[in-house]
Every structure is written in structure tokens, then in C-alpha cells.
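First comes the structure, then the notes that go with it.
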Amino acid sequence: MALKVKLKHKNVLTLDGEEVVKNVKPLISKYQVIVVTEGNKIIGYLTSDEIGKANDEERLKDIIKKGRSVLTITGKEDPLEILNLMVRSHIDYLIIVDEKGRVKGALSIDDALENVKRMIKNQD
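Quick note: the sequence shown uses this note's numbering, first residue 17, plus one each step.
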């Protein structure tokens with residue numbers, strides 16, 4: 017039986033990389049993750065902590081961690097495979113997209129671990 021990925025971070029803000037930090041800071045308390053785009057392409061994500069530490073005049077695309085993988089999932093994948101992907105890729109968040117590539121949420125490493133625990137518990 018397939019287990020659906022349970023999301024905690026459905027409320028994800030998607031912003032263009034040209035946006036400046038000072039315009040985002042007032043919004044950040046509502047969001048754990050900000051997905052940064054260029055056109056329709058996801059170029060990275062930022063956490064609320066990263067936004068809080070950034071200079072107000074910086075553009076979002078300039079403060080994205082260079083070299084950090086940005087991976088997407090649909091949320092239909094096996095929870096153990098998702099956790100394994102995150103550990104192997106050394107990433108804290110996966111961006112969840114629909115079949116058209118539109119952002120639907122984010123999955124943290126903690127969420128992924130909880131999904132695996134739930135899957136194991138349901139097998140007993």
C-alpha cells in the first residue's frame with residue numbers, strides 16, 4: 017500500500033529572484049521556505065533564517081546558497097526513497113510540484129523522517 021507524503025510546509029511563498037529582501041522580510045513569519053524562480057524555472061529556495069540574516073537591498077537570487085541542490089518531487093514517491101534522496105543529496109528541503117511544475121509545497125528533512133516513521137508504524 018502506497019503511503020501519501022504528509023506535508024507540513026504547504027504554505028510556501030514563490031517569488032521572482034529579482035525581488036529584494038526588504039520586501040520579503042515582512043512576509044517571512046508566515047512561511048518556512050521561499051521558492052525562488054526565474055520565469056517559470058525554480059532556481060533555489062531560501063529559509064526564513066537566511067532571509068532574516070540577509071542585507072535588505074540584496075536580491076533573492078543573489079543570496080541563494082550556491083551549490084545547494086534544488087530537487088523537486090510530486091509527493092507521490094515512496095517516503096523511504098524521498099528520505100534517502102535527501103540524505104544522499106545533503107539537502108534540507110525538497111520542493112513539491114504538480115504535474116505542470118507549479119510549486120505546491122516543501123518537504124523538510126524532518127517531515128521526510130516523520131513520513132518514514134509513519135510508514136514503518138503502518139506496516140506493523
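No residue lacks a Cβ here, since even glycine has one placed at the ideal position from N, Cα and C.
It is roughly 31 Å from the alpha-carbon of residue 128 to the alpha-carbon of residue 38. Contact annotation: the stretch 52-64 touches the stretch 110-120, with at least three C-beta pairs closer than 8 Å. At the C-beta level, residue 119 and residue 30 come within 8 Å of one another. The C-beta of residue 27 has fewer than 16 other C-beta atoms within 10 Å across all chains shown, which makes the residue exposed. Taken through DSSP and simplified to helix, strand or coil, residue 75 comes out as strand.
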